[in-house]
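Okay, so here's the structure we're looking at.
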């Protein structure tokens, strides 16, 4: 992630056309994004970037605006203000090109419970135009990787919560995206399942070079070396490497840094969105 | 499939990718339909109850004169068969839209909508898939009806197919348009009562329009402007190897209008933008 706290005007503007300098292209660039539900402001002037092959945590309490931001990146909602780019492709102007490079795991389960594990994967592959034979090969490959090869024919409703989440991550990777968004992917899982999933996603970053944006409200999912965006009441309060944010807040860990940042935001009299 | 090492993608989609996507959506709808056996049974029982009970009772009360496309006197059961075929499609169209509301609430809809293919195409595929499922139901009904002496000309089974596809698309698009405006699943049942029953009863499905005119000129005009009436007549004529051009134009026009409306309503800049995140999300 770009670790600057510069004002939004200095943020890279996504271009509808892919740029030539691949190394300079962020996996995800959010520039000046604001969003409202009627009179209620859910997001206010959001700016940050996610670098390829990096793990960026989007930390915020419930109601911070994380899911709204994800809905905008995935084009479920129209962009009201600002621009979003995925590897240089503008989500608003070239959604097909942008979404091809994006894998996403939403907060609620989005699997079809009445279909089998493989059928869910094949359906997703078809939605990305992947031919049946190739889809089967990829499906077998990802199921082996996540340890669900023996459950390929099982109905999804017979899987455990952790298995479903792993399947959703596998599905999100089936079309070989280069950016992965996960919205509260470990909510409702036990400690071991949470650790497994987090470790699996971190492996994707180091081994496959995938850029990851991990939305969470759990401090213990953030590790030293991660990039961090602190989102609170629709605003970005801080962004940068975890260590820098802790140091700048004068705190000793991310938990207390978050409390200081959100407390300071409240004391500054910033109007609640 | 498409990304390169530089992160650039090729633009657009190939014909093969469009076809793969269509196949996938139709395949998924068919699988869901097969898994829900009760849905298939209830889709058949409904028209059969009308055919075996209602029609037998009304046969003695309601006389049918010779009207196109029929060339002789017909039994009442024969008259209402096309109406019941359209009724299957009407219920199927509304059921498909109900499942879209359910999918949206449960989150499954997102899988479809985050596909990189154009959203209008995804919705069109969804409509085609729903229509394909309705065709299975209609032909199953026709097989049973044949044993009840409702036997159109053999080629009628083929000539009715395009009419069924068009009427299925129209009713599916109408359901999709309605579903786009419904926020919660609970609201859907109420809306259906204001759509299914008025559409079905204020049409030529159960009684010819000249009979309606005798009873109430106002209702006659309501029936005349009801697109479902024209779906019924399109099917009725096609089943007897004839074309009702007025109905074809009306059903074709309504299909286009409803489809454009549904695509417009599901456009993220317009339809979904007014909705907040799903329950529990922020």
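Chains as they are written, first to last, in the working numbering: chain A, 1 to 273; chain B, 1001 to 1282. Even for Gly, the Cβ is constructed at its ideal location relative to N, Cα and C.
A contact between stretches requires three or more CB pairs, one per stretch, nearer than 8 Å, and the region 90-110 of chain A meets this requirement with the region 1109-1124 of chain B.
If you draw a straight line from the Cα of residue 1158 of chain B to the Cα of residue 1177 of chain B, it comes to about 29 Å.
Taken in chain order, no unbroken stretch of beta strand (DSSP E) lies wholly in the region 1099-1153 of chain B with a span of 3 residues or more. Not a single CB atom of chain A sits nearer than 8 Å to the CB of residue 1218 of chain B. DSSP, read as helix, strand or coil, puts residue 124 of chain A in helix.
Contact annotation: in the region 43-59 of chain A, residues whose CB is within less than 8 Å of a CB in chain B are 52.
Residue environment: residue 1122 of chain B is assigned as buried (16 or more neighbouring CB atoms within 10 Å of its CB, all protein chains considered). The Cβ of residue 1114 of chain B sits closer than 8 Å to at least one Cβ of chain A. By a beta-carbon distance limit of 8 Å, residue 125 of chain A does not contact residue 1016 of chain B. Their separation comes to about 13 Å.
Closest in C-alpha terms to residue 57 of chain A, from the list A:160, A:74, A:145 and A:222, comes A:222. According to the DSSP assignment, residue 194 of chain A belongs to the alpha helix (DSSP H) that extends over 191-208. Between residue 1031 of chain B and chain A, the shortest Cβ-Cβ separation is below 8 Å. Relative to residue 42 of chain A, the option among A:120, A:231, A:150 and A:214 whose CA is nearest is A:231. The Cβ of residue 114 of chain A sits closer than 8 Å to at least one Cβ of chain B.
Using a CB distance below 9 Å, the part of the region 1018-1042 of chain B facing chain A consists of 1018, 1019, 1020, 1021, 1022, 1023, 1024, 1025, 1027, 1028, 1031, 1032, 1035 and 1036, ordered along the chain. When A:32, A:244, A:151 and A:169 are compared, the shortest CA-CA separation from residue 117 of chain A is found for A:151. Contacts between residue 1107 of chain B and chain A, judged by CB atoms closer than 9 Å, involve 106, 107, 108, 109, 110 and 111 in chain order. Of all alpha-carbon atoms in A:205, A:29, A:184 and A:75, the one lying nearest the alpha-carbon of residue 162 of chain A is that of A:184. In the three-state reduction of the DSSP assignment, residue 90 of chain A falls in the strand class, which pools E and B. Residue 259 of chain A sits exposed, since fewer than 16 C-beta atoms from the chains shown fall within 10 Å of its C-beta. Contact annotation: the region 86-96 of chain A does not touch the region 34-48 of chain A, with fewer than three C-beta pairs closer than 8 Å. DSSP places residue 135 of chain A within a helical segment (H, G or I) once states are collapsed to three.
Of the residues B:1215, B:1097 and B:1164, the one whose Cα lies closest to the Cα of residue 1137 of chain B is B:1164. The region 65-83 of chain A and the region 246-261 of chain A do not touch, with fewer than three beta-carbon pairs separated by less than 8 Å. For residue 1150 of chain B against residue 1077 of chain B, the beta-carbon gap comes to about 6 Å, under 8 Å, which counts as contact. Bounds of the beta strand (DSSP E) holding residue 216 of chain A are 211-216. Between residue 1236 of chain B and residue 1047 of chain B, the C-beta gap is not smaller than 8 Å, which leaves the two residues out of contact. When B:1175, B:1079 and B:1267 are compared, the shortest CA-CA separation from residue 1098 of chain B is found for B:1175. Proximity to residue 50 of chain A across A:254, A:31 and A:212 peaks at A:212, based on C-alpha coordinates.
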